[in-house]
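Protein chains: 2
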Amino acid sequence: MSASPTLEDVARAAGVSRATVSRVINGIRNVDPTIQETVRRAIADTGYVPNRAARSLVTRRTGAIALVVSGAGEESGENPFHSQVFADPFFGRVASGVVGFLRPRGIHPILMFAETAEARAQVIAYLRQGNADGAVLVSTQSEDPLPRLLVDAALPAVLFARPAEPIPISYVDVAHRAGAKLAADHLVARGCRRVATISGPLDVAASQDRLSGFRDAMAAHGYPYIPCVEGNFTLGSGEAAMERLLSEHPGIDGVFIANDLMAQGALPVLRHHGCRVPGDVAVVGFDDSSAATASRPPLTTIRHPVEDMAAEMARLLMAHVDDPGQPVTSIIFEPSLVVRDSA
Amino acid sequence: MSASPTLEDVARAAGVSRATVSRVINGIRNVDPTIQETVRRAIADTGYVPNRAARSLVTRRTGAIALVVSGAGEESGENPFHSQVFADPFFGRVASGVVGFLRPRGIHPILMFAETAEARAQVIAYLRQGNADGAVLVSTQSEDPLPRLLVDAALPAVLFARPAEPIPISYVDVAHRAGAKLAADHLVARGCRRVATISGPLDVAASQDRLSGFRDAMAAHGYPYIPCVEGNFTLGSGEAAMERLLSEHPGIDGVFIANDLMAQGALPVLRHHGCRVPGDVAVVGFDDSSAATASRPPLTTIRHPVEDMAAEMARLLMAHVDDPGQPVTSIIFEPSLVVRDSA
DNA sequence: AGCGCGTTGGAGAGCGCTCTCCCGCCATGC
DNA sequence: GCATGGCGGGAGAGCGCTCTCCAACGCGCT
Chain F
1 MSASPTLEDV
11 ARAAGVSRAT
21 VSRVINGIRN
31 VDPTIQETVR
41 RAIADTGYVP
51 NRAARSLVTR
61 RTGAIALVVS
71 GAGEESGENP
81 FHSQVFADPF
91 FGRVASGVVG
101 FLRPRGIHPI
111 LMFAETAEAR
121 AQVIAYLRQG
131 NADGAVLVST
141 QSEDPLPRLL
151 VDAALPAVLF
161 ARPAEPIPIS
171 YVDVAHRAGA
181 KLAADHLVAR
191 GCRRVATISG
201 PLDVAASQDR
211 LSGFRDAMAA
221 HGYPYIPCVE
231 GNFTLGSGEA
241 AMERLLSEHP
251 GIDGVFIAND
261 LMAQGALPVL
271 RHHGCRVPGD
281 VAVVGFDDSS
291 AATASRPPLT
301 TIRHPVEDMA
311 AEMARLLMAH
321 VDDPGQPVTS
331 IIFEPSLVVR
341 DSA
Chain L
1 MSASPTLEDV
11 ARAAGVSRAT
21 VSRVINGIRN
31 VDPTIQETVR
41 RAIADTGYVP
51 NRAARSLVTR
61 RTGAIALVVS
71 GAGEESGENP
81 FHSQVFADPF
91 FGRVASGVVG
101 FLRPRGIHPI
111 LMFAETAEAR
121 AQVIAYLRQG
131 NADGAVLVST
141 QSEDPLPRLL
151 VDAALPAVLF
161 ARPAEPIPIS
171 YVDVAHRAGA
181 KLAADHLVAR
191 GCRRVATISG
201 PLDVAASQDR
211 LSGFRDAMAA
221 HGYPYIPCVE
231 GNFTLGSGEA
241 AMERLLSEHP
251 GIDGVFIAND
261 LMAQGALPVL
271 RHHGCRVPGD
281 VAVVGFDDSS
291 AATASRPPLT
301 TIRHPVEDMA
311 AEMARLLMAH
321 VDDPGQPVTS
331 IIFEPSLVVR
341 DSA
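Residue numbers (the working numbering), protein chains in the order written: chain F, 1 to 343; chain L, 1 to 343.
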């Protein structure tokens, strides 16, 4: 066990050359079925496992990819950045989708955080060292400098959402405007007449799209003005925003809230103000995250196929890694309405 | 950029040998300061980054470790295992602690899930291939076969909690009984007289310890019988357990709930039954997770220094990796009481 | 029979790095 | 004066693998 067997050992055991064993393992070229069988048995007998370092030294491929969670420039103080990020169930779904695609291929993501300039530099250096063949990147904020750095370093990378500035990099995204329209159509169909919305942080493109998509759809239904309070995607901000909405617009009968976590925060506030959900006020969330089912009542929401998108992101990355000439692509997923009890 | 510079290139640029450059980079032996300076400049000029594959081929060290999240044997159906795990904020704190320790050392964890026998085999094979020097492992269930597999394969590993069966492997854990005692003391000090508890799944050692620790402490205060309903650490199970507790023991004035997530589920149930928290019923959770602050009212809870524990786990692993002769150790952390509004 | 071609296996050259030797130099001791 | 030893540097042998050559061989064709 101390000295693990090498190709040479297997070759000797099977009575063939190193090259032949290598060919059997990698399934390259034709090898006589009889010999193949002998080799396989020798591999099993010796308990051989290929040494990845040696392999990647010659193939110049590591068979690993980085899963980078990137924030904007602010250094977070007491509460570490990573801890917050993980608390968001959204991230779990991304990881799950990425792992779901990668694991059958025997590859596992390297988890990295890039919230500061130093950390970003570390990510780049790490990739350049050949620790991973590329990166999938999920930014928690727009204005993230990392995508640009990756492109400049010619490192294969795929983003989770459309980058703020147009740079030549592949990404997957969801049709935010279409999702917001689904919410608007549903609220109107339910008979809501005085509708408001709680948006995400408006420096994030996704938030803007959800808001403008919602407003446009409502305008098409004949409601040109939709009040909006801005949140920041956290539970606490959902509470605060709902509180403000109720005080500024007491008569509302429907709210579209830009993510489920904020909606989860908003529900108790509504209840506390004596509004029944969905009786008095209908609530539609966004994401179909675990917060949607954890809320009481469970949320009607816009389903974001996050796992599928994450898997596609991994697929795109692998395509870029396999063929660096691969053109930059973006894939947009269509959201769908999930009706539960809140609207 | 296409062909990245090698040691040889740097050596040529600096007018020295490969060995000297290597010595400068690894800070080994004495190198003339003047030459050192020349070499450093050459490194900067060429934009050299050491190739990790080549290095680990000779050092037989990868400078990577695996962060394995391991469940028991059940194959989860529709909803992927990983997705659920990540939804638990506890996991985020572990990841955060591990990253906090590892990142300054330039190493990043490889994320792996091991929920099925196949996945476990993959983890072992992956480590044996030399993709990582060792593993830190957090199990979501006891009876996890992976620790034993790791020990059998002589792979360096550290666990997050004490293994179910006693096997020679290092771990970190929290003093569950001491934490439960803190909760008991606090409830009694508040004046609670009819106290009950909601436990975690009783096949998990931690749940047993929290329950028995709580009962023992209450007994010491003169309350020999404490009703208990078993949950499974999810929000939904907290709701159900609270519901049952209220129907079976209507007069309770204090509850110790074995984790914050279940407590978060229990609070709305109490409210719905007309019980004010903490006025009518005091609630104490466990973990001090993000669920504690997200709950309304915020939870009084037992703080589990998860990040510190995770960091320590990483430290222990590195010690084992650096010196395989390192004795097996366990480090137990003391929990503390965090008083918020629920008790 | 002789030729070319496709197929299968072996030999061996590295991939980029570390690390053990070894050598030359200068300061030191008798 | 010469042996001694420490120190700074170079040479070169691999680490375990892949992959390009090349040799050997069987086959169908002229």
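The beta-carbon is built from N, C-alpha and C at its ideal position, and this holds for glycine as well.
| field | For Pro250 of chain L and Ser295 of chain F, the rounded distance between their alpha carbons | value | Walking along the first sequence from the start, residue 295 of chain F turns up at place 295. Walking along the second sequence from the start, residue 250 of chain L turns up at place 250. The alpha-carbon atoms of Ser295 of chain F and Pro250 of chain L are separated by roughly 25 Å.
| task | Kindly indicate the opening and closing residues of the alpha helix (DSSP H) around Gly288 of chain F. | result | By one-based count along the first sequence, residue 288 of chain F stands at place 288. As written in the sequence, residue 288 of chain F is Asp, which differs from the Gly given in the question. Looking at the DSSP string, Asp288 of chain F is not in any alpha helix (DSSP H), and its letter there is neither H nor E.
| field | Below-7 Å beta-carbon distance, Ser199 of chain F vs any chain L residue | value | By one-based count along the first sequence, residue 199 of chain F stands at place 199. Taking Cβ atoms only, chain L never reaches closer than 7 Å to Ser199 of chain F, which makes this a no.
| message | Taking DSSP's pairing of strands, which residues face Glu230 of chain L in a bridge? | response | Position 230 of the second sequence holds residue 230 of chain L. According to DSSP, Glu230 of chain L bridges with L:Ser199.
| query | Who are the Cβ neighbours of Ile107 of chain F in its own chain at under 7 Å, not counting the five residues just before and after it? | reply | What you label residue 107 of chain F is simply residue 107 of the first sequence in a count that begins at 1. Excluding positions up to five away in sequence, the list reads Gly63, Ala64 and Ile65.
| Three or more C-beta pairs below 8 Å linking the region 127-142 of chain F and the region 305-318 of chain F | yes
| Checking contacts by CB at 7 Å: is Val338 of chain F closer than that to chain L? | Here residue 338 of chain F corresponds to residue number 338 of the first sequence, with the count starting at 1. Not an interface residue.
| What separation, rounded to the nearest whole angstrom, lies between the Cα atoms of Arg215 of chain F and Arg340 of chain F? | Sequence index remark: in the first sequence, residue 215 of chain F carries index 215 (1-based). Sequence index remark: in the first sequence, residue 340 of chain F carries index 340 (1-based). So the two alpha carbons sit approximately 23 Å from each other.
| message | I need the boundaries of the beta strand (DSSP E) containing Gly265 of chain F, first residue and last residue. | response | Indexing the first sequence from 1 puts residue 265 of chain F at position 265. Premise fails: Gly265 of chain F lies in the alpha helix (DSSP H), Asp260 to His272, not in any beta strand (DSSP E).
| query | Is there at least one non-hydrogen atom of the ligand MN closer than 6 Å to the beta-carbon of Met309 of chain F? | reply | Looking at this structure, you won't find the ligand MN or any other ligand, since it has none at all.
| query | Roughly how many angstroms lie between the CA atoms of Glu74 of chain L and Glu143 of chain L, to the nearest whole one? | reply | Your numbering for residue 74 of chain L matches position 74 in the second sequence. Your numbering for residue 143 of chain L matches position 143 in the second sequence. With a pLDDT of only 45 at Glu74 of chain L, under the threshold of 50, the placement of this residue in the model should not be trusted, and no figure is reported.
| said: Please confirm whether Gly213 of chain F has its beta-carbon closer than 7 Å to some beta-carbon of chain L. | reply: As a working mapping, residue 213 of chain F is identified with position 213 in the first sequence. Chain L, which has no Cβ nearer than 7 Å to the Cβ of Gly213 of chain F, makes this no.
| request: Taking Val151 of chain F and Ile169 of chain F to be in contact with their CB atoms under 8 Å, please state how far apart those CB atoms are, rounded to whole angstroms. | output: Sequence index remark: in the first sequence, residue 151 of chain F carries index 151 (1-based). Sequence index remark: in the first sequence, residue 169 of chain F carries index 169 (1-based). Yes, they are in contact, since the Cβ atoms of Val151 of chain F and Ile169 of chain F sit about 5 Å apart, within 8 Å.
| message | On a Cα-Cα basis, can you pick out the residue from L:His186, L:Asp280 and L:Ser4 that is closest to Val338 of chain L? | response | Taking the second sequence and counting its residues from 1, one reaches residue 338 of chain L at position 338. The shortest C-alpha separation from Val338 of chain L is found at L:His186.
| task | Kindly list the residues whose CB is nearer than 7 Å to the CB of Ala72 of chain L, restricted to its own chain and excluding five residues on each side of it in sequence; keep chain order. | result | Translated into positions along the second sequence, residue 72 of chain L becomes position 72. Unreliable placement is indicated for Ala72 of chain L, whose pLDDT of 46 sits below 50; the coordinate value is still reported in the next sentence. Closer than 7 Å at the Cβ level, and outside the excluded window around Ala72 of chain L, lie Gln141, Glu143 and Asp144.
| field | Euclidean distance between Cα positions of Val277 of chain F and Val172 of chain F | value | For the purposes of this step, residue 277 of chain F is identified with residue 277 of the first sequence, where counting begins at 1. For the purposes of this step, residue 172 of chain F is identified with residue 172 of the first sequence, where counting begins at 1. Near 34 Å, if we compare the C-alpha coordinates of Val172 of chain F and Val277 of chain F.
| query | Under three-state DSSP, which class holds Phe333 of chain L? | reply | Position 333 of the second sequence holds residue 333 of chain L. Three-state DSSP puts Phe333 of chain L in a strand.
| said: Please tell me whether Gln129 of chain L has its Cβ less than 7 Å away from any Cβ of chain F. | reply: If you number the second sequence from 1, residue 129 of chain L lands on position 129. Closer than 7 Å: yes.
| request: Could you check which residue in F:Ser207, F:Val174, F:Val158 and F:Cys275 has the C-alpha nearest to that of Val328 of chain F? | output: If you number the first sequence from 1, residue 328 of chain F lands on position 328. For Val328 of chain F, the nearest C-alpha among the options comes from F:Val158.
| said: Beta carbons nearer than 8 Å to chain F: which residues of the region 102-126 of chain L have them? | reply: Arg103, Gly106, His108, Pro109, Ile110, Leu111, Met112, Phe113, Ala119, Gln122, Ala125 and Tyr126
| message | Let me see if you follow: with CB-CB separation under 7 Å, is Ser56 of chain F close to chain L or not? | response | In the first sequence, counting from the first residue as 1, residue 56 of chain F sits at position 56. Closer than 7 Å to some Cβ of chain L, the Cβ of Ser56 of chain F qualifies, so yes.
| query | With 16 as the cutoff for other CB atoms within 10 Å, does Asp45 of chain L come out buried or exposed? | reply | Against the second sequence, residue 45 of chain L aligns to sequence position 45. Counting Cβ neighbours within 10 Å, Asp45 of chain L comes out exposed, since fewer than 16 surround it.
| query | Pro268 of chain F versus chain L: which residues are under 7 Å apart at the beta carbon? | reply | On the first sequence, residue 268 of chain F is found 268 positions in, with the first residue counted as 1. Those within 7 Å of Pro268 of chain F in chain L are Arg296.
| query | Any residues in the region 272-283 of chain F with a beta carbon nearer than 8 Å to a beta carbon of chain L? Which ones, in chain order? | reply | none
| Nearest-angstrom Cα distance between Ala125 of chain L and Phe101 of chain L? | As a working mapping, residue 125 of chain L is identified with position 125 in the second sequence. As a working mapping, residue 101 of chain L is identified with position 101 in the second sequence. About 26 Å.
| message | Three Cβ pairs or more, each shorter than 8 Å: is that satisfied between the region 223-234 of chain F and the region 243-263 of chain F? | response | yes
| task | Determine, using beta carbons only, whether Asn232 of chain L comes closer than 7 Å to chain F. | result | As a first step, residue 232 of chain L is located in the second sequence; it is residue number 232 there, counting from the start. No, no contact with chain F.
| field | Length of the line joining the Cα atoms of Ala14 of chain L and Val10 of chain F | value | As a position in the second sequence, residue 14 of chain L is number 14, starting the count at 1. As a position in the first sequence, residue 10 of chain F is number 10, starting the count at 1. Cα to Cα, Ala14 of chain L sits roughly 42 Å from Val10 of chain F.
| query | So, using beta-carbon positions, are Phe333 of chain L and Pro305 of chain L closer together than 7 Å? | reply | As a position in the second sequence, residue 333 of chain L is number 333, starting the count at 1. As a position in the second sequence, residue 305 of chain L is number 305, starting the count at 1. Closer than 7 Å, so yes.
| message | Using only CA atoms, which one of L:Ala282, L:Thr59 and L:Arg210 lies nearest to Lys181 of chain L? | response | By 1-based counting over the second sequence, the position of residue 181 of chain L is 181. Comparing Cα positions, the closest option is L:Arg210.
| Cβ-based contacts, 7 Å cut-off: residues of the region 42-53 of chain F near chain L | Val49, Pro50, Asn51, Arg52 and Ala53
| field | Exposure of Asp376 of chain L, with buried meaning 16 or more beta-carbon neighbours within 10 Å | value | Nothing can be reported for residue 376 of chain L, as the shown portion of chain L is limited to 1 through 343.
| So, is Gly213 of chain F buried or exposed, given that buried needs 16 or more other C-beta atoms within 10 angstroms? | Within the first sequence, numbered from 1, the residue matching residue 213 of chain F stands at position 213. Buried is the call here.
| Range of the contiguous alpha helix (DSSP H) that encloses Ile25 of chain F | Mapped onto the first sequence, residue 25 of chain F falls at position 25. Arg18 to Asn26 is the span of the alpha helix (DSSP H), which, as asked, contains Ile25 of chain F.
| field | Val98 of chain F versus Ser56 of chain L: straight-line alpha-carbon distance, rounded | value | Position 98 of the first sequence holds residue 98 of chain F. Position 56 of the second sequence holds residue 56 of chain L. Whole-angstrom Cα-Cα distance: 27 Å.
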